[in-house]
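*Asks:*
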Amino acid sequence: VDGETVVSLFRSRVAQDPHKVAIVSADGSTRMTFEQLDKASDAVATKLIPLTAKARSSIESRNIELASGTVLETPLLAAVFKRSIGMVVAMLAAQKAGWGYVPIESTYPEDRVEYILKDS
Numbered sequence: 001v002d003g004e005t006v007v008s009l010f011r012s013r014v015a016q017d018p019h020k021v022a023i024v025s026a027d028g029s030t031r032m033t034f035e036q037l038d039k040a041s042d043a044v045a046t047k048l049i050p051l052t053a054k055a056r057s058s059i060e061s062r063n064i065e066l067a068s069g070t071v072l073e074t075p076l077l078a079a080v081f082k083r084s085i086g087m088v089v090a091m092l093a094a095q096k097a098g099w100g101y102v103p104i105e106s107t108y109p110e111d112r113v114e115y116i117l118k119d120s
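Here the sequence shown is numbered in UniProt numbering, starting from 1 and rising by one per residue.
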């Protein structure tokens, strides 16, 4: 949808169907409604927001430049998770806080994780 962000689209859905199931764990044992997912991601985003200025100053001091030539101005949250509801909460929280998100599969070998972190 033009002009919409992931967060604005998600918030619209929360307003429409707060008690509808938004996500189910792979084994089906855990479910979260849109409202629960919204609150859980807000709690994590609230912890990220105060770190934003510090992360941005760190990024600027390292002068990270992407292959396209643009300078990266968005802090990144790298998270190592098994595929889980927690991973979705972290991804949404990063978006709410204005951060980028780098998911790292917990089964990756250490050298792959190091490469992803350095390349991000």
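We put the beta carbon where it would ideally sit given N, CA and C, even for glycine.
Predicted, not measured: the structure shown is a model, and the values here were computed from it.
1. Alpha carbon to alpha carbon, how far is A22 from D119?
2. Could you name the residues of the same chain whose beta carbon sits closer than 6 Å to that of V80, not counting the 5 residues immediately before and after it, in chain order?
3. Am I right that V102 and L77 are in contact with their C-beta atoms under 8 Å? What's the rounded C-beta distance?
4. Taking the straight line between their C-alpha atoms, what separation do you get for K96 and D111?
5. Which complete beta strand (DSSP E) runs does the stretch 14-43 hold, if anything under 3 residues is left out?
6. Is S41 closer than 8 Å to L9 when the C-beta atoms are compared?
*Replies:* Taking the geometry as given:
1. Here residue 22 corresponds to residue number 22 of the sequence shown, with the count starting at 1. Here residue 119 corresponds to residue number 119 of the sequence shown, with the count starting at 1. Between the C-alpha atoms of A22 and D119 there is a straight-line separation of about 32 Å.
2. Here residue 80 is taken as the residue at index 80 of the sequence shown, counted from 1. For V80, where only same-chain residues beyond five positions count, the Cβ hits under 6 Å are I104 and S106.
3. Indexing the sequence shown from 1 puts residue 102 at position 102. Indexing the sequence shown from 1 puts residue 77 at position 77. The Cβ separation is near 7 Å, so the contact holds.
4. In the sequence shown, the residue the question calls residue 96 occupies position 96. In the sequence shown, the residue the question calls residue 111 occupies position 111. Each residue's alpha carbon lies about 30 Å from the other.
5. 21-24 and 31-33
6. Within the sequence shown, residue 9 is the residue found at index 9, counting from 1. Within the sequence shown, residue 41 is the residue found at index 41, counting from 1. No, the Cβ-Cβ distance between L9 and S41 is not below 8 Å.
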